[in-house]
Every structure is written in structure tokens, then in C-alpha cells.
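J.: After the C-alpha cells below, expect a handful of questions from me.
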Amino acid sequence: MKAFTDFFPLILFFIAYQYTKDIITATGVLVIASAIQVSYLWIRFRKVEKMHIITLVLVLFFGGLTIALQDETFIKWKPTAVSWIFAVALIFSQLFTRKNLVQRMMEDNLELPANIWTNINGLASAFFFVCGVLNIWIAYTFSQEFWVNFKVFGFIGLNILFVIGIGLYISPYISEKDASVSKDEG
1 MKAFTDFFPL ILFFIAYQYT KDIITATGVL VIASAIQVSY LWIRFRKVEK
51 MHIITLVLVL FFGGLTIALQ DETFIKWKPT AVSWIFAVAL IFSQLFTRKN
101 LVQRMMEDNL ELPANIWTNI NGLASAFFFV CGVLNIWIAY TFSQEFWVNF
151 KVFGFIGLNI LFVIGIGLYI SPYISEKDAS VSKDEG
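All residue numbers for the sequence shown refer to UniProt numbering, where the first residue is 1 and numbers rise by one.
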């Protein structure tokens, strides 16, 4: 259910675009779906993750500009803005906090050496930066339809590959205890 809730706005954006072939209409659907998503999460759980709030703010900002100015450029910049905000947050957490963001998010489930947490945080930051650059390149090099398909399927695929890569990287450090915690949660 969480995966559906997380991808709900993106799924509706994609369906709206495929049905209308109009990025402005699809953006309107994305804005409404994102607002519904965050409202649902708040009503259901009385809590909304920072990722959802950041994404909603950026969807409202870039989506609002796209709709108001009838210019697709703004919505095409949204994935880059999200990616770069995540990259900067990861770097900031590494430089200015006791524990980086990746460690704070995952340490309850994994025990890893400090240098591995640092490496994963750096890799994640680099990954998000590259995703932002890749989005701009695709947005300005390929057709609108190609960009929409990449935004929906390409980013999901890249994220899956990144998570698999990180899993392979940390596998030598996973203890029996970590493995049993993961099995218990699954």
C-alpha cells in the first residue's frame, strides 16, 4: 500500500499524459494528486514524511508555474530540483551533523562501520546529482513523450539499480543480526 501511495501522483500524471498527450493537463493532475496524497497521509497517519512535503512544495511551485505560464519547462525542472535538494541535504548532513542522513534512516536496521555509512551517503549524493543532470539532458535533448516515459520508468529503474548496487556494496558488512531483523520486517 505504501508503494501505491508513494507513486499515486506519478501514476496519475503518466495516465493523464498518455490519455491527453498534454503536459499542462498532466501537470494539473500531478498537482491535485500530490495534494491529495499528502492530505491522505496526514489524515490517515497524522504524519507526513519530509520527502512528501518537499515534493509537494516543488510540485506546487513548478507545476503552478507550468500551468500559469503554459510552459512545460518548469515541470521538467522539478525532478532536477528534487534530486539536487536531496544531494545537497546528504552533503550537508555529512559535513555538519554527527550522523549523516543515510545512517540516520537505516541504522536501526543495519550495523555498519562509520566509513561505510560515509561512503553510502556520498554515493547517494552523487547519484542524486547525476539524476538531476540526466533529467536536464533528457528534457532538452529528447521529445516531451520520451522525457515523460523516462521520468516515470527511467528514474524508477535507476533507483532500483542504485539500491541493488548499494546492497551489493554493503553485503560483506551485514551481520546475522541485521539479516534476521530484515527478515522479521518483511
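Built from N, CA and C at the ideal position, the CB exists for glycine as well.
With DSSP collapsed to three states, give me the class of VAL133.
T.: Correct three-state label for VAL133: helix.
J.: Does the Cβ-Cβ distance between THR27 and ILE85 come in under 8 Å?
T.: No, Cβ-Cβ distance for THR27 and ILE85 is not below 8 Å.
J.: Rounded C-beta distance between VAL31 and THR55? I'm assuming under 8 Å.
T.: In fact, because the Cβ distance is near 11 Å, the residues do not count as touching under 8 Å.
J.: Mind checking whether PHE127 and ILE138 have CB atoms under 8 Å apart?
T.: Going by C-beta atoms, PHE127 is not nearer than 8 Å to ILE138.
J.: Which term fits ILE120, buried or exposed, when burial requires 16 or more other beta carbons within 10 angstroms of its beta carbon?
T.: The residue in question, ILE120, is buried, as its Cβ has 16 or more Cβ neighbours within 10 Å.
J.: Please report how far the alpha carbon of VAL133 lies from the alpha carbon of PHE8, in whole angstroms.
T.: C-alpha separation (whole angstroms): 25 Å.
J.: So, at 8 Å on beta carbons, what are the nonlocal neighbours of GLN70 in its own chain, with the 5 sequence-adjacent residues on each side left out?
T.: If we look at GLN70 and ignore the five residues flanking it on each side, its Cβ neighbours are ILE24.
J.: Can you name, in chain order, every residue of its own chain whose Cβ lies under 8 Å from the Cβ of LEU60, other than the five neighbours on each side?
T.: For LEU60, where only same-chain residues beyond five positions count, the Cβ hits under 8 Å are VAL31, SER34 and ALA35.
J.: Closest by CA to ILE136, which one among ASP108, ALA124 and TRP77?
T.: That would be TRP77, whose Cα lies nearest to the Cα of ILE136.
J.: Measure from the alpha carbon of ALA16 to the alpha carbon of each residue in VAL29, THR141, PHE4 and ASN109, then state which is nearest.
T.: For the residues VAL29, THR141, PHE4 and ASN109, the minimum Cα distance to ALA16 belongs to VAL29.
J.: Return the Cβ separation of residue 195 and LEU168 in integer angstroms, given the expectation that the two are a contact with Cβ distance under 8 Å.
T.: Since the first residue shown for the chain is 1 and the last is 186, residue 195 is missing from the structure and cannot be characterised.
J.: Alpha helix (DSSP H) containing GLN94: first to last residue?
T.: That run of the alpha helix (DSSP H) goes 73 to 96.
J.: Give me the Cα-Cα distance between TYR40 and GLY63, rounded to the nearest whole angstrom.
T.: Each residue's Cα considered, the two are about 20 Å apart.
J.: Within 10 Å of its beta-carbon, does TRP42 have 16 or more other beta-carbons around it, so buried, or fewer, so exposed?
T.: Burial call: exposed.
J.: State the DSSP-derived secondary structure class of LYS151, mapped to helix, strand or coil.
T.: It is helical.
J.: Among the residues of its own chain, which have a CB less than 7 Å from the CB of THR118, if the five just before and after it don't count?
T.: The residues are GLN94 and ASN100.
J.: Report the option in GLY165, THR73 and ILE174 whose CA atom is closest to the CA atom of GLN144.
T.: Comparing Cα-Cα distances from GLN144 to each of GLY165, THR73 and ILE174, the minimum goes to THR73.
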